[in-house]
Amino acid sequence: MDIVLKVVDSQTLLKEFIFLPEKIYKGDSRWVPPMYADEWNFHNPKQNKALAYSDVIRVIAYHHNQPVGRIMGIINHKYNCDHHEQTARFFALDCINDQPVAHALIEYIEHWAKARGMNKIIGPYGFSDKDPQGLQIEGLDLLPVIATPTNPAYLQILVEKEGYQKELDCVSYQMPIPETLPSVYQKIFGRVSANKNVHLVEFTKKSQLKPFIVPLFRLVNETYAPLFGFVPMTEEEMKKFAAQYLPVLAPELVKVVVNMAGEMVAFVVSMPDMSAGIQKAKGRLFPFGFIHILSSMKKTNQLNLLLGAIKPSYRGKGLNVLMGKALIESARKRNLQVMDSHLILEKNLIMRAECEKLGGVIRKRYRVYQKLLA
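Just remember that our numbering sits 175 ahead of the position in the sequence shown, which is counted from 1.
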């Protein structure tokens, strides 16, 4: 198979790179496109500040002048410096079910990384854990949710045949939303609700929620620092994310806990699933895509957990139960019946135990691969 590789070096090729997956996966009922406005921002140095401190290359594979695959190489110098690593990443790997195409793309990024002094490559992995990470290797009968990978089953085989092995797994639980708080939590709720040092904050309007978004991201920086691949957000990035996500959040599905000084010490962010709507919208908000997305969020029975954190000094005090009870009640009012936990590191046994106490079962698994560069 004659394969020609082209490095993306123009807006025309960048456009082809961004939209190539929808051509490759056309007809795949399970594939969910990205929101293309977000994709353009991801590749725009003015919008994505990680591009300023990273080496990046984008490559498209062609056969008989037809694009058949793509891949992105990333060297995050800031992360490598902070963690004393020489690690490259491959990302945005999408191709037809053909080993020579996958080999050509992956090998190109490996050579590119070695030429820049890297001794290891991981992937699929973007600039940080805020980007979709890994390949989905289990639960492929279910639609992926926002900010998680969407890939066909054959990509796992193609990557593993190139000598890649497991670096880490993330799992996603599906949990029933109970009518009331499970009995195991009733005593805990009674205790924490009587604690006058903290109180729950709930929202009915986005205007009420807006002042809490940046403090929420500050708490993410504080609590997520030990996680694999995490890169702290700057204040500018926090404001950008706030502007990006506030319009689609349902205020009643965000819960915050503050202490007596009004400082945020815990939060959980969730939203109704919109994957079916994104499919119908084909990843485009306009002219009518937003209608499909809003409609799917009203019709779905699934709640997706997106982010959550508790300040270290407030852990073990039942704040998760305080927020959980309120979230269950709000979800039931919207006729939501099941929850998707989003990605949880396989080694995060505390969070996994919480999901399992709620009757959660692992329905999806995502794998980040690694390979040493000789």
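A virtual CB, placed ideally from N, CA and C, is assigned to each residue, including glycine.
Any idea which residues DSSP pairs histidine 238 with across the strands?
Position 63 of the sequence shown, counted from the first residue, corresponds to residue 238. Gln241, per the DSSP bridge assignment.
Between the alpha carbons of isoleucine 250 and threonine 262, how many angstroms are there, rounded?
Residue mapping note: residue 250 aligns to position 75 of the sequence shown, counting from 1. Residue mapping note: residue 262 aligns to position 87 of the sequence shown, counting from 1. Going by the C-alpha atoms only, they are around 7 Å apart.
Return helix, strand or coil for asparagine 434, following the three-state DSSP convention.
Mapped onto the sequence shown, residue 434 falls at position 259. Strand.
Alpha helix (DSSP H) segment containing methionine 514, residue limits:
The residue you call residue 514 lines up with position 339 of the sequence shown. Per DSSP, methionine 514 lies in no alpha helix (DSSP H); the unbroken beta strand (DSSP E) holding it starts and ends at 513-515.
Taking the alpha carbon of histidine 239 as the reference point, which residue from Ile178, Ala267, Glu412 has its own alpha carbon closest?
Stepping through the sequence shown from its first residue, residue 239 is reached at position 64. Considering only alpha carbons, the answer is Ile178.
At least three beta-carbon pairs within less than 8 Å, the segment 287-306 to the segment 244-258:
Yes, they touch.
My assumption, with CB atoms under 8 Å, is that leucine 317 sits in contact with leucine 497. Please give the rounded CB distance.
Position 142 of the sequence shown, counted from the first residue, corresponds to residue 317. Position 322 of the sequence shown, counted from the first residue, corresponds to residue 497. Going by Cβ atoms, the distance from leucine 317 to leucine 497 rounds to 30 Å, so no, they are not a contact pair.
In the DSSP output, which residue or residues are listed as bridge partners for phenylalanine 194?
To locate residue 194, count along the sequence shown from 1; it is residue 19. DSSP, once it has assigned bridges, lists no residue as partnering phenylalanine 194.
Classify leucine 467: buried if its beta carbon has 16 or more other beta carbons within 10 angstroms, exposed otherwise.
If you number the sequence shown from 1, residue 467 lands on position 292. Before going further, note that residue 467 is histidine rather than leucine in the sequence given. Buried: at least 16 other Cβ atoms inside 10 Å.
I want to check one thing, is the minimum distance from the CB of glycine 452 to the heavy atoms of the ligand NAD below 7 Å?
This structure does not include the ligand NAD; it has no bound ligands of any sort.
Host beta strand (DSSP E) of glutamate 313 (start-end)
Taking the sequence shown and counting its residues from 1, one reaches residue 313 at position 138. Here the beta strand (DSSP E) through glutamate 313 covers 310-313.
I need the straight-line Cα distance from isoleucine 284 to serine 358, nearest angstrom please.
If you number the sequence shown from 1, residue 284 lands on position 109. If you number the sequence shown from 1, residue 358 lands on position 183. In a straight line, the C-alpha of isoleucine 284 is about 52 Å away from that of serine 358.
In angstroms, rounded to a whole number, what distance separates the CA positions of glutamine 349 and serine 516?
Position 174 of the sequence shown, counted from the start, is the residue given in the question as residue 349. Position 341 of the sequence shown, counted from the start, is the residue given in the question as residue 516. Cα to Cα, the separation comes out at about 6 Å.
The segment 463-480 touching the segment 429-437, judged by at least three CB pairs closer than 8 Å:
With the cut-off at 8 Å, the segment 463-480 and the segment 429-437 do not touch.
Beta-carbon contacts of serine 143 that lie in its chain and below 7 Å, excluding the five residues immediately before and after:
Nothing about residue 143 can be read from this structure; the chain reaches only from 176 to 549.
Between proline 319 and valine 207, which are expected to be in contact by the criterion C-beta below 8 Å, what is the C-beta distance as a whole number of angstroms?
Counting from one through the sequence shown, the residue named residue 319 turns up at place 144. Counting from one through the sequence shown, the residue named residue 207 turns up at place 32. Indeed they touch by this definition, with Cβ atoms about 5 Å apart.
Kindly list the residues whose CB is nearer than 7 Å to the CB of glycine 534, restricted to its own chain and excluding five residues on each side of it in sequence; keep chain order.
Counting from one through the sequence shown, the residue named residue 534 turns up at place 359. Contacts found: Met350, Pro351.
3-residue-minimum beta strand (DSSP E) runs that sit fully inside the segment 399-461, ordered along the chain:
Taken in chain order, the complete beta strand (DSSP E) segments of 3 or more residues contained in the segment 399-461 are 429-434, 439-447.
Are there 16 or more other CB atoms within 10 angstroms of the CB of cysteine 256, so buried, or fewer, so exposed?
By 1-based counting over the sequence shown, the position of residue 256 is 81. Cysteine 256 should be labelled exposed.
If you drop the 5 nearest sequence neighbours on each side, which residues of the same chain put their C-beta closer than 6 Å to that of leucine 330?
One-based indexing of the sequence shown puts residue 330 at position 155. Once the five neighbours on either side are set aside, the close Cβ partners of leucine 330 are Leu310.
Nearest residue (CA-CA) to aspartate 269, options Lys336, Glu313, His218, Tyr200
Counted from its first residue, the sequence shown places residue 269 at position 94. Each of Lys336, Glu313, His218, Tyr200 was checked against the Cα of aspartate 269, and the nearest Cα belongs to Tyr200.
I need the DSSP call for alanine 328, collapsed to helix, strand or coil.
In the sequence shown, the residue the question calls residue 328 occupies position 153. DSSP places alanine 328 in coil when its eight states are reduced to three.
Suppose the cutoff is 7 Å on Cβ atoms and the five residues either side in sequence are ignored; what does the same chain contact list for arginine 542 look like?
Residue mapping note: residue 542 aligns to position 367 of the sequence shown, counting from 1. Cβ-Cβ distances below 7 Å link arginine 542 to Gly309, Leu310, Ile312, Lys341, Asp344 in the same chain, with the five nearest sequence neighbours on each side left out; the list follows chain order.
Is the beta carbon of valine 389 sitting closer than 8 Å to the one on lysine 362?
Taking the sequence shown and counting its residues from 1, one reaches residue 389 at position 214. Taking the sequence shown and counting its residues from 1, one reaches residue 362 at position 187. For the 8 Å CB-CB criterion, valine 389 and lysine 362 do not form a contact.
Taking C-alpha atoms, which residue in Val395, Pro299, Ala236 lies nearest to threonine 409?
In the sequence shown, residue 409 corresponds to position 234, counting from 1. Checked all of Val395, Pro299, Ala236; the closest Cα to threonine 409 is Val395.
DSSP beta-bridge partners of methionine 210
Taking the first residue of the sequence shown as 1, we reach residue 210 at position 35. BP columns for methionine 210 are empty, so no partner.
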